[in-house]
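Worksheet: the structure to be examined is printed underneath.
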Amino acid sequence: MQNDPRRTESALRIVWIYPDLLSTYGDQGNVLVLEQRALRRGIPVETVHVRSADPVPEGGDIYLIGGGEDRPQILGAERLRRDGGLHRAVARGATVLAVCAGYQIMGTTFGGEEGQPVAGIELLDIASGRGKARAVGELAAEVAPELGGLPMLTGFENHMGVTWLGSAVRPLSRTIVGTGNGDGTEGCYSGRVIGTYLHGPALARNPALADLLLSWATGPLAPLDDTWYDRLRQERLAAVLPNQ
Ligand code: GLN
């Protein structure tokens, strides 16, 4: 997309940021789920994979940034700060889903490999540091009601980080099982920027979250047959919430 001035104006433009740095935990699945859920509704899609040496195009509709190890995370934060394309996109009203390392990068600061504070890119009013123990395992969380009655979130977390939410963000959800931000909440959002610790990938396990992002970018959506998504959700939720 960023190299092609003839791009189709009506297509949904998905931008996957830094697959060469922040793609350790299968978060590419989020890109695939968004593409498929748009295409199944007849919405054409153009996806760009932006490697870390390349500029982030500011004309995208939905930006995805995934999880990763500490050093690629630091490098990714530095490059995004210098680049500024994601900031310009958010200022234009673009939608963002940032996962784990990508989520921490969105804040003012996060913990480096020795726990040292590293500057984030300040798109979310959060700060992260290193916790005492790694949070690894299944996560289930109730979504903030003001996001429109989404069903329970399910995912997998694997991080050292703890995250403090400032007054300019709202928690994405309340943690039922797992650690999330570390204070009983999981993830956060501000405007159309969502951050979460959920891998899984998050959107394969939570199609309603995928549709929330798509609706922010494209408007009201037709329903889809979610039989297979629902089976995956039920299986994963039953593993941690047997009485549901
Ligand atoms: N390096 C970060 C942490 O451990 C993020 C890890 C991840 O993206 N899964 O907190």
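If you're matching positions, the sequence shown starts at 105 in the numbering used here and goes up one per residue. Don't be surprised by glycine CBs; every beta carbon is placed ideally from N, CA and C.
Query                                                                                                                                                                                       : Result
Using the Cβ count rule (16 or more neighbours within 10 Å means buried), how would you classify A157?                                                                                      : exposed
Within 10 angstroms of its Cβ, does Q338 collect 16 or more other Cβ (buried), or is it exposed?                                                                                            : exposed
Out of W332, E173, R117, state which residue places its alpha-carbon closest to the alpha-carbon of G216.                                                                                   : E173
Tell me the DSSP secondary structure of V160 in three-state form.                                                                                                                           : coil
For I209 versus G233, is the C-beta spacing smaller than 7 Å?                                                                                                                               : no
Considering only their Cβ atoms, is the gap separating G188 from L126 smaller than 7 Å?                                                                                                     : no
With 16 as the cutoff for other CB atoms within 10 Å, does D287 come out buried or exposed?                                                                                                 : exposed
Within its chain, find whatever has a CB closer than 7 Å to the CB of R183; leave out the 5 residues flanking it on each side and keep chain order.                                         : S156
Nearest to T308 by alpha carbon, out of V119, W320, G133, I121?                                                                                                                             : The displayed chain sequence assigns Ala, not Thr, to residue 308. Residue G133 is the option with its Cα nearest to A308.
What distance in whole Å lies between the Cβ atoms of D329 and R141, which are believed to be in contact at a cut-off of 8 Å?                                                               : That pair is no contact at about 11 Å.
Please go through the same chain and pick out, in chain order, the residues whose beta-carbon is closer than 8 Å to the beta-carbon of D108, but skip the five residues on each side of it. : The pLDDT assigned to D108 is 46, lower than 50, so where the model puts this residue is not dependable; a value taken from the coordinates is nonetheless given after this. Counting only Cβ-Cβ distances below 8 Å, and skipping sequence neighbours, we find nothing.
Could you check the C-alpha separation between G219 and E242 for me, to the nearest Å?                                                                                                      : 24 Å
Considering only residues of the same chain and omitting the five flanking positions on each side of T300, which have a CB-CB separation below 7 Å?                                         : V203, Y207, L276, E290, G291, A306
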